[in-house]
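In my numbering, the protein residues as written are 1 to 287.
Glycine included, each C-beta is placed from N, C-alpha and C at the ideal position.
Note sheet for the following structure.
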């Protein structure tokens, strides 16, 4: 239903409604609705002031994540104010993101399921220009590698390339290895240590020197010499095993447009990415 305030902007003109498919499993949507409904019942959520139902709120959040529809359009479709739309969006994102798993939990589950290795990779979520500076005076959110402002996320995938954990965001100027040391390596080391039943971690050349159990390609020797056969075979094996991990970026950004560019506070990328991880994990389990 369209609010009288919105309808008054178009006197005498009928507004056309257009149904759209969410491309999300109905069971996933039901689970998410339960999460958001629980958050709405919290004492601090002011349930007596609700401008719309939980179903309207869930649709607003999922449509924003799925297609990055602007909040003005979502507010108009829901018949609520733009301020309420922002509040509903952040509240819904946090309710979903709270279900994202901890890294230790993910690694233990990978062990139990028989995984032999996981892959570690970094990705940049583009953002608007940010004025924050590093202690050295450099642009904190500008990635020289990608030549764009954004937030650095560390992603761990299973052997089939499905993302199973996403780190909190680091400013875009942060090197992948530094971000991994902050958010991931401490939990990975005990599982990747050289012992029976270990869970090896495969990563690209940007993670050289990460430590025990983190396997990366070898450098070419000085003087542009060829690698010896064993090292060349090592590099080819890592490249082949890591190939499916490339689909993680597609799963996160091609299907969920909210991660293609974030115009909110860039620190909100942590919550957005965690919410997306929960949704794709639920959707995978329900298909």
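Item to complete: Would you list the one or two residues that DSSP bridges to residue 133?
Response: Translated into the one-based positions of the chain shown, residue 133 becomes position 133. In DSSP, residue 133 forms a bridge with 139.
Discussion item. Rounded to the nearest angstrom, what separates residue 97 and residue 227 at their Cα positions?
Written reply: As a position in the chain shown, residue 97 is number 97, starting the count at 1. As a position in the chain shown, residue 227 is number 227, starting the count at 1. Answer to the nearest angstrom: the Cα atoms are 45 Å apart.
Worksheet entry | Close-in-space but distant-in-sequence residues of the same chain around residue 137 (CB under 7 Å, 5 per side omitted) | One-based indexing of the chain shown puts residue 137 at position 137. Taken in chain order, the list of residues that qualify is empty.
Practice prompt. List the residues that DSSP assigns as beta-bridge partners of residue 121.
Written response: Translated into the one-based positions of the chain shown, residue 121 becomes position 121. DSSP output for residue 121 lists 155 as bridge partner(s).
Discussion item. Rounding to the nearest angstrom, what Cα-Cα distance links residue 125 and residue 238 in this structure?
Written reply: Mapped onto the chain shown, residue 125 falls at position 125. Mapped onto the chain shown, residue 238 falls at position 238. Their Cα atoms are separated by approximately 25 Å.
Discussion item. Quick check: the Cα distance between residue 58 and residue 23, rounded to an integer number of angstroms?
Written reply: Here residue 58 refers to the residue found at position 58 when the chain shown is read from its first residue. Here residue 23 refers to the residue found at position 23 when the chain shown is read from its first residue. So the two alpha carbons sit approximately 14 Å from each other.
Practice prompt. Write down the C-beta distance between residue 161 and residue 266 rounded to the nearest angstrom, noting that I regard them as a contact closer than 8 Å.
Written response: Translated into positions along the chain shown, residue 161 becomes position 161. Translated into positions along the chain shown, residue 266 becomes position 266. Not a contact, Cβ separation roughly 26 Å.
Item to complete: Let me know if residue 38 comes out buried or exposed under the rule of 16 or more other beta-carbons within 10 Å of its beta-carbon.
Response: To locate residue 38, count along the chain shown from 1; it is residue 38. Residue 38 should be labelled exposed.
Fill in: residue 61 - containing alpha helix (DSSP H), residue span
Reading the chain shown from its first residue, position 61 is the one you call residue 61. Residues 54 to 67.
Discussion item. Taking contact to mean 3 or more Cβ pairs, one atom from each stretch, closer than 8 Å, check whether the segment 95 to 114 and the segment 190 to 206 are in contact.
Written reply: yes
Discussion item. Could you check whether the segment 170 to 189 touches the segment 129 to 144, counting it as contact only if at least three pairs of C-beta atoms, one from each stretch, sit closer than 8 Å?
Written reply: Short answer: they touch.
Worksheet entry | Residue from 256, 262, 88 and 62 with nearest C-alpha to residue 52 | Taking the first residue of the chain shown as 1, we reach residue 52 at position 52. It is 88 whose Cα lies nearest to the Cα of residue 52.
Practice prompt. Pick helix, strand or coil for residue 256, following the three-state DSSP scheme.
Written response: On the chain shown, position 256 is the one that residue 256 refers to. Residue 256 falls in the coil class under three-state DSSP.
Worksheet entry | Simplified DSSP assignment, three categories, for residue 227 | If you number the chain shown from 1, residue 227 lands on position 227. Three-state result, residue 227: coil.
Worksheet item: Could you give the C-beta distance for residue 203 and residue 216, rounded to a whole number, given that I count them as a contact under 8 Å?
Response: In the chain shown, counting from the first residue as 1, residue 203 sits at position 203. In the chain shown, counting from the first residue as 1, residue 216 sits at position 216. Their Cβ separation, rounded to whole angstroms, is 5 Å, which keeps residue 203 and residue 216 in contact under 8 Å.
Discussion item. Within a Cβ cutoff of 6 Å, which residues of the same chain sit near residue 60, ignoring the five residues on either side of it in sequence?
Written reply: Residue 60 sits at position 60 when you count from the first residue of the chain shown. Excluding sequence neighbours, residue 60 sits near 74, 78 and 88.
Worksheet item: From residue 157 to residue 245, what distance separates their C-alpha atoms?
Response: As a first step, residue 157 must be located in the chain shown, where it is residue number 157. As a first step, residue 245 must be located in the chain shown, where it is residue number 245. Going by the C-alpha atoms only, they are around 6 Å apart.
Discussion item. I'd like the span of the beta strand (DSSP E) that includes residue 166, first residue to last.
Written reply: Along the chain shown, one-based indexing puts residue 166 at 166. Where residue 166 is concerned, the enclosing beta strand (DSSP E) stretches over 163 to 166.
Worksheet item: Do you know how far the Cα of residue 35 is from the Cα of residue 283?
Response: On the chain shown, residue 283 is found 283 positions in, with the first residue counted as 1. On the chain shown, residue 35 is found 35 positions in, with the first residue counted as 1. If I take the Cα positions, the gap works out to 15 Å.
Practice prompt. Sort 30, 123 and 25 by Cα distance to residue 270 and report the nearest one.
Written response: Numbered from its first residue, the chain shown carries residue 270 at position 270. Nearest to residue 270 by C-alpha distance, out of 30, 123 and 25, is 123.
Worksheet item: Below 8 Å between beta carbons: does that hold for residue 210 and residue 180?
Response: Looking up residue 210 in the chain shown gives position 210. Looking up residue 180 in the chain shown gives position 180. Contact flag set, yes.
Worksheet item: Can residue 27 and residue 256 be called in contact, C-beta distance under 8 Å?
Response: Sequence index remark: in the chain shown, residue 27 carries index 27 (1-based). Sequence index remark: in the chain shown, residue 256 carries index 256 (1-based). Not in contact: residue 27 and residue 256 (Cβ atoms no closer than 8 Å).
Practice prompt. Answer with buried or exposed for residue 147, where buried requires no fewer than 16 other C-beta atoms within 10 angstroms of its C-beta.
Written response: Numbered from 1 along the chain shown, position 147 holds the residue referred to as residue 147. The residue in question, residue 147, is exposed, as its Cβ has fewer than 16 Cβ neighbours within 10 Å.
Fill in: Coarse secondary structure for residue 127, derived from DSSP in three states
In the chain shown, the residue the question calls residue 127 occupies position 127. Three-state DSSP puts residue 127 in a strand.
Item to complete: Quick one: using the 10 Å Cβ neighbour count with 16 as the cut-off for buried, is residue 243 buried or exposed?
Response: Locating residue 243 in the chain shown gives position 243, counting from the first residue. Exposed is the call here.
Discussion item. Quick check on this structure: which residue in 144, 117 and 241 has the alpha carbon closest to the alpha carbon of residue 188?
Written reply: Counting from one through the chain shown, the residue named residue 188 turns up at place 188. The option with the nearest alpha carbon to residue 188 is 117.
Discussion item. Given a cut-off of 8 Å on the beta-carbon distance, is the pair residue 166 and residue 192 in contact?
Written reply: Residue numbering aside, residue 166 sits at position 166 when the chain shown is read from its first letter. Residue numbering aside, residue 192 sits at position 192 when the chain shown is read from its first letter. In this structure, residue 192 does not lie closer than 8 Å to residue 166 by Cβ.
Worksheet entry | Distance, residue 62 Cα to residue 293 Cα | With the chain covering only 1 through 287, there is no way to say anything about residue 293.
Practice prompt. Starting from residue 201, follow the beta strand (DSSP E) in both directions and report where the run begins and ends.
Written response: Walking along the chain shown from the start, residue 201 turns up at place 201. Run containing residue 201: 200 to 202, per the beta strand (DSSP E) assignment.
Worksheet item: From residue 272 to residue 247, what does the alpha carbon distance come to, in whole angstroms?
Response: As a first step, residue 272 must be located in the chain shown, where it is residue number 272. As a first step, residue 247 must be located in the chain shown, where it is residue number 247. Using only the alpha carbons, I get a separation of about 19 Å.
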